[in-house]
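Using the UniProt record's numbering, read the sequence shown as starting at 1 and increasing by one per residue.
Idealized CB from N, CA, C, for every residue including glycine.
The structure presented is a predicted model; accordingly, all values stated were derived computationally and were not measured.
Presented below is the structure to which this report refers.
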Amino acid sequence: MLRKAQNIGNDPAVWHFLVDVEMRVNRLHKRLDEISDPKALTVRQLAKKRIIVKRALQYMSENGLEPRRPAEASAEDQPGEKRGARFLPQFPRGK
Numbered sequence: 001m002l003r004k005a006q007n008i009g010n011d012p013a014v015w016h017f018l019v020d021v022e023m024r025v026n027r028l029h030k031r032l033d034e035i036s037d038p039k040a041l042t043v044r045q046l047a048k049k050r051i052i053v054k055r056a057l058q059y060m061s062e063n064g065l066e067p068r069r070p071a072e073a074s075a076e077d078q079p080g081e082k083r084g085a086r087f088l089p090q091f092p093r094g095k
């Protein structure tokens, strides 16, 4: 919501971080769920974390905050323009 209000661009690092957290939490929860009591505090906390991360990713996806696919990103780039080219100083060329 703040991103929309302040017109802040999307940071794909947030998406990748949440995906990584989701993988780690899922893996740990599945492993501990097999050997622990279902009512164990750690198992319950991991189950809550799984739900929270899943909801965060779902929210980001629904609001267009997930990173663009490479095909979508390249379609918006101008033809012939290389990344970072606009940041290079433009010197006049001698003839």
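Proximity test, Cβ basis, 8 Å: residue i and chain B
i, result
"phenylalanine 17", "The displayed structure is made up of one protein chain only, and chain B is not part of it."
Span of the alpha helix (DSSP H), counted from its first residue to its last, around residue i
i, result
"arginine 69", "That residue, arginine 69, is in no alpha helix (DSSP H); it is neither H nor E in DSSP."
Helix, strand or coil at residue i according to DSSP, with G and I counted as helix
i, result
"lysine 39", "coil"
"leucine 32", "helix"
"residue 110", "Given a span of 1 to 95 for the chain in the structure shown, any question on residue 110 remains unanswerable."
"leucine 65", "coil"
"aspartate 20", "helix"
"glycine 84", "Any reading at glycine 84 is ruled out, since the residue's pLDDT is 47, under 50, leaving its predicted position unreliable."
Cβ distance (whole Å) where residue i is taken to contact residue j below 8 Å
i, j, result
"lysine 54", "glutamate 22", "7 Å"
"valine 19", "arginine 50", "Incorrect: roughly 13 Å between the Cβ atoms, too far for contact."
"leucine 46", "histidine 29", "4 Å"
Residue i vs residue j beta-carbon contact at 8 Å
i, j, result
"glutamate 66", "tryptophan 15", "yes"
"valine 43", "leucine 32", "yes"
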